[in-house]
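So the structure is just underneath, and the comments pick up after that.
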Amino acid sequence: MAANGLASRLYNGEAGLNIVGRRKLWFGVAGVLVLIAILSFSVRGFSLGIEFAGGNSFQVPASVGTLEDAEREVDSALAAENTGVTVATAQKVGGPGGDTYELRTPQLTPEQATAVKAQIADDLGINADQISGNQVSEAWGSQVTERAILGLIIFIALVMVYLILRFEWRMAVAAVSSLFMNLILTAGIYSLVGFEVTPSTIIGFLTILGFALYDVVVVFDKVQENTRGITANNNQTYGEAANLAVNQSLMRSLNTSVVALLPVGGLLFIGAGLLGAGTLKDLGLVLFVGMAVAFLTSILVASPLLVLLKNYDPRIQAHNKRVLTRRGALARGEVTSKGAPSPAQADAGDAPLDPESAALAGAAPKVGARPAGKRPTGTRGGRPAGGGNRPGGAKRR
């Protein structure tokens, strides 16, 4: 039936997905992915934009033809001046003066840049003053990187303080580890696929940290709710309560991620893909990849890591041991689910009762006894009916 389908059970938190219990699998997969990302950083590196690697850019009016026509003419001008380089990236850019094509090349000398600009104007048949050229030094990109790293450090420090005050230090460690995992995997995808890293990419990286943190806090809030006072009972281990919380918050996290990815996907695929707004591609791409990875890391990494850290707490260790010991006794039939003695213990007659069993046994009525709270028939308030035995009372005939 549809009511018993997976989607319905997910919405009700009744799917029973064993996410925390399979933490070794998730940690293994995450470790392999991190290793691949690190190897990609070392071997392939990143495709840096001219803001970080240095280079030149030329803007020509979009009226000269298509973007492919403009790229072909600039490549021809670069070859005519024997620069030894070609166009690295080309995109359409909108501005107050109309649409233009921005074509970026590796670093050129000032003389080469001037000669290439004149050659482009000659090939396209337009005035040289209609073409603008810029030269960017890699020092500017280094400054941007330093500021981004500083901002990341400040962000992580503030997040640690907030999570310690809001939850506890183990949740703070698990959440920050999930954030770092998100950054590494997103950067690894950029390195493997060869996406260009621009200042917009750096802004996107810092933006996805906030989304990833929100996703982790949603899950941890439910974990805290389920595990509050857990050591006072022997029904669930900490890992089981945390796994239930993950199941209960799974659809909320999924819905949040889908709602966030829809506008970002529109920005990326419609704005950059169909409409050709190249400036939106860098920001939209990192947001789309980062948000998708953040959903996975918050569910498959943060919560299992939290359980792993909590299991080192002596109180949680003792609690888990009590739960497992009680379950073993239940499986052997030594106690019932409510802690009462088993039939074998009752027949033996000399089996000791634990405090809970003793309390239950003392509260249970004995065989043949009258129900508690009722008085003997024919009495009212503990006195004989009719007052026959009252002092000085007359006996009725």
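Okay, so the sequence shown: first residue is 1 according to the numbering used here, each after it adds one. Glycine is no exception: its CB is placed at the ideal position from the N, C-alpha and C atoms.
Taking only the alpha-carbon atoms, compute the straight-line gap between residue i and residue j and give it to the nearest angstrom.
| i | j | result |
| --- | --- | --- |
| Phe269 | Arg326 | 56 Å |
| Val289 | Asp313 | 36 Å |
| Ala260 | Ala294 | 12 Å |
| Glu71 | Leu262 | 32 Å |
| Ser213 | Glu196 | One point to set straight first is that residue 213 is Leu, not Ser, in the sequence displayed. Near 25 Å, if we compare the C-alpha coordinates of Glu196 and Leu213. |
| Asp160 | Trp140 | According to the sequence as given, residue 160 is Met; it is not Asp. Using only the alpha carbons, I get a separation of about 31 Å. |
| Ala457 | Ser257 | Missing from the structure shown is residue 457; the chain here goes from 1 to 397 and no further. |
| Asn255 | Val219 | 13 Å |
| Leu67 | Val264 | 25 Å |
| Tyr238 | Phe155 | 30 Å |
| Asp75 | Gly54 | 18 Å |
| Ile202 | Ser177 | 20 Å |
| Lys117 | Gln107 | 14 Å |
| Gly21 | Phe27 | 11 Å |
| Val216 | Ala245 | 12 Å |
| Ser42 | Leu192 | 11 Å |
| Thr105 | Lys310 | 53 Å |
Give me the DSSP bridge partner(s) of residue i.
| i | result |
| --- | --- |
| Asn82 | BP columns for Asn82 are empty, so no partner. |
| Ser47 | Glu196 |
| Val136 | Gly55 |
| Thr89 | Arg104 |
| Val301 | For Val301, which the question treats as bridged, DSSP gives no partner whatsoever. |
| Val60 | Tyr101 |
Cα-Cα, which of the options is closest to residue i?
| i | options | result |
| --- | --- | --- |
| Leu300 | Gln317, Ser249, Leu330 | Ser249 |
| Leu285 | Arg228, Gly194, Glu240 | Gly194 |
| Gln91 | Val85, Gly84, Leu103 | Leu103 |
| Ala241 | Ala212, Asp282, Pro304, Thr207 | Pro304 |
| Glu111 | Phe205, Leu267, Val219, Gly133 | Gly133 |
| Asn234 | Leu330, Trp169, Lys310 | Leu330 |
| Gly16 | Phe41, Met251, Asn311, Arg315 | Met251 |
| Ser57 | Val32, Leu35, Val87 | Val87 |
| Asp99 | Tyr162, Val60, Thr89 | Val60 |
| Gly65 | Ser191, Val20, Asp123, Val29 | Asp123 |
| Gln135 | Gly49, Ile316, Ile120 | Gly49 |
| Leu35 | Met181, Arg9, Leu324 | Met181 |
| Ser137 | Val93, Phe52, Gln236 | Phe52 |
| Ala175 | Ser298, Arg315, Val307, Asn18 | Ser298 |
What is the DSSP secondary structure of residue i, reduced to helix, strand or coil?
| i | result |
| --- | --- |
| Leu103 | strand |
| Thr186 | helix |
| Val367 | In this prediction, Val367 scores a pLDDT of 36, lower than 50, which makes its location untrustworthy; no coordinate-derived value is stated. |
| Glu71 | helix |
| Thr114 | helix |
| Leu35 | helix |
| Asp350 | With a pLDDT of 38 at Asp350, under the threshold of 50, the modelled position of this residue cannot be trusted; read the value that follows with caution. Coil. |
| Gln119 | helix |
| Leu17 | coil |
| Arg228 | coil |
| Thr66 | coil |
| Phe27 | helix |
| Asn311 | coil |
Is there a C-beta anywhere in chain B that falls below 8 Å from the one on residue i?
| i | result |
| --- | --- |
| Tyr101 | The structure shown contains no chain B; it is built from a single protein chain. |
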